[in-house]
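In our numbering, the protein residues as written are 82 to 395.
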């Protein structure tokens, strides 16, 4: 497994993925090795870099009628990188830690008053494959981790079916906070949480994003087409100034309710190994249409992160 696949936000299990896992993608970020004797690849230490701090506070610009465009999206440099987005995997991880701290203090919508914990996301912070669900449920809100209930168990089974583990991917949601009674996310909540998702996508830089259900699919594609019409059909998009393949999928919770949906999910997951090795077009320049940050914004206050929370960012 490449260095890109070995950086995790959670403790890795001793078991290795099966031989049916897709081969690692050749890239400059996968050539380095973890520190000798560390036991964990790309474990960070010390204070975040200046680049990390610069990209830690996403702005909240208008989102209606368009797909996600990425935190701090700007015209590209000749090297293909985006200003404000660190190039190195370790620097991007540090930046992600800072984004997590900002999200942990978020008060952008009324869900801040009813949540128990912010569910930022977990998994491999340098993953080729990301999943975006809808919103945390009761168990996720209690534990502060995404997909830890029955739907999460099914998601793990789906990954095992293609020779992968949860530790190989990054899992998050459209919303970081649980809507009361597990109701549908409201437009103002999606808009308020959108910059956090943009930041995660920009910093993790996945090749493939599996959108789980209607809300994630419509938000990331920028189209109103429902999941039943587009599921299993990969789409080329540019998110965060980088090319990415979106794979609309039924939400695992729907598979728990309907056997036919579960079988369709298993079939659609078989597409993922091939998509992970599919060549992507060169990045294209993006237009910066996000609102400028203001130092007076009280919603960007950093918070102290306990040792157990930092275990998310391995």
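Quick reminder that beta carbons are idealized off the backbone N, C-alpha and C, glycines included. Values in this document were obtained by computation on a predicted structure and should not be read as measured data.
Who are the near neighbours of residue i in its chain, counting only those whose CB is closer than 6 angstroms to its CB and skipping five residues on each side?
| i | result |
| --- | --- |
| residue 236 | 228 and 333 |
Once DSSP output is grouped into helix, strand and coil, what is the label at residue i?
| i | result |
| --- | --- |
| residue 203 | strand |
| residue 144 | Reliability fails at residue 144, whose pLDDT of 34 lies under 50, so the model's placement of it is uncertain and the value that follows must be treated cautiously. In the structure shown, residue 144 sits in coil (DSSP, three-state: anything other than H, G, I, E or B). |
| residue 298 | helix |
| residue 336 | helix |
| residue 263 | helix |
| residue 64 | The first residue shown for the chain is 82 and the last is 395, placing residue 64 beyond what the model contains. |
| residue 275 | helix |
| residue 235 | helix |
| residue 223 | helix |
| residue 353 | helix |
According to the Cβ coordinates, are residue i and residue j closer than 8 angstroms?
| i | j | result |
| --- | --- | --- |
| residue 292 | residue 330 | yes |
| residue 193 | residue 254 | no |
| residue 296 | residue 266 | yes |
| residue 350 | residue 285 | no |
| residue 258 | residue 180 | no |
| residue 357 | residue 288 | yes |
| residue 326 | residue 315 | yes |
| residue 264 | residue 222 | no |
| residue 214 | residue 313 | no |
| residue 302 | residue 317 | no |
What is the rounded straight-line gap between the Cα of residue i and the Cα of residue j?
| i | j | result |
| --- | --- | --- |
| residue 224 | residue 204 | 15 angstroms |
| residue 260 | residue 298 | 19 angstroms |
| residue 177 | residue 280 | 8 angstroms |
| residue 107 | residue 262 | Only weak support exists for where residue 107 lies, its pLDDT of 38 falling under 50; the coordinates are left without a value. |
| residue 232 | residue 337 | 7 angstroms |
| residue 256 | residue 230 | 17 angstroms |
| residue 172 | residue 182 | 16 angstroms |
| residue 166 | residue 364 | 14 angstroms |
| residue 359 | residue 184 | 33 angstroms |
| residue 273 | residue 309 | 27 angstroms |
| residue 277 | residue 362 | 25 angstroms |
| residue 341 | residue 168 | 43 angstroms |
| residue 320 | residue 275 | 13 angstroms |
| residue 170 | residue 339 | 40 angstroms |
For residue i, tell me which candidate among the options has the shortest Cα-Cα distance.
| i | options | result |
| --- | --- | --- |
| residue 212 | 219, 190, 201 and 220 | 201 |
| residue 207 | 301, 353, 346 and 290 | 290 |
| residue 346 | 358, 328, 357 and 356 | 328 |
| residue 209 | 283, 275, 309 and 341 | 283 |
| residue 343 | 354, 218 and 234 | 234 |
Are the C-beta of residue i and some C-beta of chain B separated by less than 8 angstroms?
| i | result |
| --- | --- |
| residue 251 | Included in the structure is just one protein chain, with no chain B present. |
Between residue i and the rest of its own chain, which residues show a CB-CB distance below 7 angstroms, the 5 nearest in sequence each way excluded?
| i | result |
| --- | --- |
| residue 145 | Unreliable positioning characterises residue 145 in this predicted model, as indicated by a pLDDT of 31, which lies under 50. The coordinate reading is nonetheless provided below. None. |
| residue 252 | 202, 203, 204, 212, 227 and 228 |
| residue 269 | 190 |
| residue 305 | 299 |
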